[in-house]
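Residue numbers (the numbering used here): 3 to 564.
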């Protein structure tokens with residue numbers, strides 16, 4: 003009983019306690035405008051609508067004027083829609099009395115529901131419903147005109163979406179090409195038109211090698227290089243040939259290269275997954291002048307075929323690059339060293355079959371080496387075991403005095419010891435790439451460049467994702483190479499501050515700069531760089547929220563936050 007009395011008391015208290023009222027609510031209550039009055043008004047409106055329907059039906063019996071009348075089902079749907087809208091607003095915390103006016107505004111023509119009107123487009127009489135829409139002038143439309151207007155709006159919306167999609171595609175293409183959207187040159191327009199209708203082109207005519215190379219790269223980027231389009235780049239006197247995306251070129255088509263161009267000296271085949279052993283042997287037999295070959299993705303070439311190839315052309319090869327294959331192991335590298343003693347450039351990248359550093363030690367036997375790339379070799383389990391400090395010390399002590407270019411991207415086991423060896427043995431070094439060599443320290447980079455008098459300066463340097471590099475190391479780089487440096491990559495070197503970044507303006511010959519994800523870089527700093535570095539043409543600034551510029555003083559800024 004006591005519990006029941008407490009419950010009754012709570013109920014009485016709940017009915018007496020009211021929440022805060024707005025000024026509008028108080029005013030409406032004083033004027034006698036309540037929810038009951040509003041409900042009564044709605045009932046009267048519904049009764050008037052019912053009477054209007056009856057009158058309209060009677061009139062249509064005597065008059066042929068076309069009038070659209072709501073059915074009983076439509077009235078039920080209308081009332082249900084109104085109740086649903088009110089219930090949603092009530093759940094959202096709006097009271098009926100203070101927001102009735104706003105509710106009516108939201109419903110648009112629904113507050114005139116049941117009234118007769120004339121279509122603003124065709125002049126037909128009709129009864130306004132909750133489904134009635136208005137044209138751009140604010141006039142109500144009948145159902146037939148409403149449908150046509152809605153269809154037209156949908157077509158415009160689809161057209162706008164298609165235009166926006168094309169614009170996004172152009173922007174993405176420009177970003178891939180490190181370009182900013184703008185007015186293209188006549189040469190760019192010509193290149194794009196040719197690449198778009200490449201299937202209809204029978205011959206290029208008199209086009210220089212540089213433009214042929216550009217066209218080849220454009221077609222490769224657009225995945226349009228195939229058995230037919232590749233023929234356009236074949237000519238009997240060609241000495242160099244570049245196909246950067248051969249994924250659509252079949253094995254039979256590869257044999258056209260030596261058949262049509264027997265004088266080829268330099269051959270580039272990227273993404274050549276369909277290249278077979280027979281093709282490679284055919285190259286070795288039919289290309290007597292071949293001195294440089296670049297193969298990316300030749301995973302169908304077996305160890306035996308590599309042996310035949312190197313035995314046939316190895317003594318003539320001066321440049322060799324092999325990437326992305328699991329068929330090149332320690333034994334294959336031994337074949338390279340045995341048969342290709344005159345190599346000046348060797349690139350070995352993403353060779354998953356390498357499991358330890360023993361084949362890397364062998365590279366010290368290449369006495370003529372001037373350019374070396376050892377990037378991202380080994381699988382996930384052995385990536386730290388392939389290129390080590392000891393192996394690099396052996397190579398650098400043997401050929402370091404000749405090296406001009408050194409790429410050690412992704413050699414995650416290297417430390418400051420390798421940097422110290424580079425300083426001691428590489429006086430001619432001009433290009434150094436250390437992307438993702440995360441174990442090198444700020445002190446190690448500083449010690450490499452500080453007072454490195456034996457070296458006259460680098461042309462290009464990549465410290466991308468060398469996460470320990472700080473201001474002192476960058477200052478040492480600038481002081482050492484400010485008169486020679488042309489390309490600098492500082493992507494994701496997040497510890498740098500404006501103190502050292504401001505000194506980048508001292509690198510007067512800088513043409514390309516990557517400061518992506520270096521959060522201290524902003525528009526002010528880029529303005530200074532663009533106006534002081536007269537040769538600067540491209541800045542990559544991905545992941546920097548403080549950069550909004552896209553083009554300053556003729557410098558393209560790619561990756562800005564828009």
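Glycine included, every Cβ here is placed at the ideal spot set by N, Cα and C. Given the structure is predicted, the values throughout are model-derived calculations rather than measurements.
With DSSP collapsed to three states, give me the class of residue i.
i, result
"residue 378", "coil"
"residue 551", "coil"
"residue 474", "helix"
"residue 72", "Its pLDDT being 42, under 50, residue 72 is placed unreliably in this model, and the value from its coordinates should be taken loosely. It is coil, neither helix nor strand."
"residue 493", "coil"
"residue 433", "strand"
"residue 97", "Because the pLDDT at residue 97 is just 48, under 50, the model does not fix this residue reliably, and the value given afterwards should be weighed accordingly. Three-state DSSP puts residue 97 in coil, outside helix and strand."
"residue 353", "strand"
"residue 511", "coil"
"residue 151", "helix"
"residue 301", "coil"
Using alpha carbons as the reference points, say which of the options lies closest to residue i.
i, options, result
"residue 460", "450, 468 and 469", "450"
"residue 568", "134, 147, 139 and 116", "The shown model of the chain, from 3 to 564, leaves out residue 568, and the question about it has no answer."
"residue 344", "323, 316, 563 and 262", "316"
"residue 339", "559, 369 and 167", "369"
"residue 274", "267, 285, 286 and 300", "300"
"residue 479", "452, 133 and 327", "452"
"residue 501", "342, 354, 523 and 400", "523"
"residue 446", "405, 416, 458 and 499", "416"
"residue 114", "139, 44 and 251", "44"
"residue 529", "421, 381, 521 and 549", "549"
"residue 276", "250, 269 and 526", "250"
"residue 439", "455, 330 and 467", "467"
"residue 262", "278, 234 and 283", "234"
"residue 149", "441, 486 and 121", "121"
"residue 295", "477, 310 and 271", "271"
"residue 229", "306, 217, 257 and 509", "257"
"residue 264", "290, 196 and 559", "290"
"residue 427", "420, 403 and 356", "403"
"residue 375", "391, 392, 324 and 400", "324"
"residue 353", "377, 372, 373 and 434", "377"
"residue 489", "509, 470, 326 and 503", "509"
"residue 313", "434, 383, 302 and 335", "335"
If I follow the unbroken beta strand (DSSP E) through residue i, where does it start and stop?
i, result
"residue 542", "540-542"
"residue 128", "127-129"
"residue 221", "Taken as a continuous stretch (DSSP letters only), residue 221 belongs to no beta strand (DSSP E), being part of the alpha helix (DSSP H) at 211-223."
"residue 408", "407-409"
"residue 514", "514-516"
"residue 463", "462-464"
Got a sec, what are the start and stop residues for the alpha helix (DSSP H) residue i sits in?
i, result
"residue 341", "332-341"
"residue 557", "Careful: residue 557 lies outside any alpha helix (DSSP H), inside the beta strand (DSSP E) at 557-560."
"residue 282", "279-288"
"residue 446", "444-451"
"residue 419", "418-427"
"residue 251", "That residue, residue 251, is in no alpha helix (DSSP H); it is neither H nor E in DSSP."
"residue 307", "305-315"
"residue 361", "360-364"
"residue 260", "258-262"
Run the CB neighbour count on residue i, radius 10 Å, all protein chains shown included, and call it buried at 16 or more, exposed below.
i, result
"residue 159", "exposed"
"residue 260", "buried"
"residue 398", "buried"
"residue 41", "exposed"
"residue 553", "exposed"
"residue 562", "buried"
"residue 225", "exposed"
"residue 394", "buried"
"residue 134", "buried"
"residue 219", "buried"
"residue 475", "buried"
"residue 278", "buried"
"residue 232", "buried"
"residue 166", "exposed"
"residue 211", "exposed"
With DSSP as the reference, please indicate the residues paired to residue i in a beta bridge.
i, result
"residue 42", "Beta-bridge pairing links residue 42 to no other residue."
"residue 136", "142"
"residue 347", "321 and 373"
"residue 269", "243 and 295"
"residue 120", "127"
"residue 327", "353"
Comparing the CB of residue i with every heavy atom of the ligand NAP, is any distance shorter than 6 Å?
i, result
"residue 303", "Only the bare structure without any ligand can be found here, which leaves the ligand NAP out of the picture."
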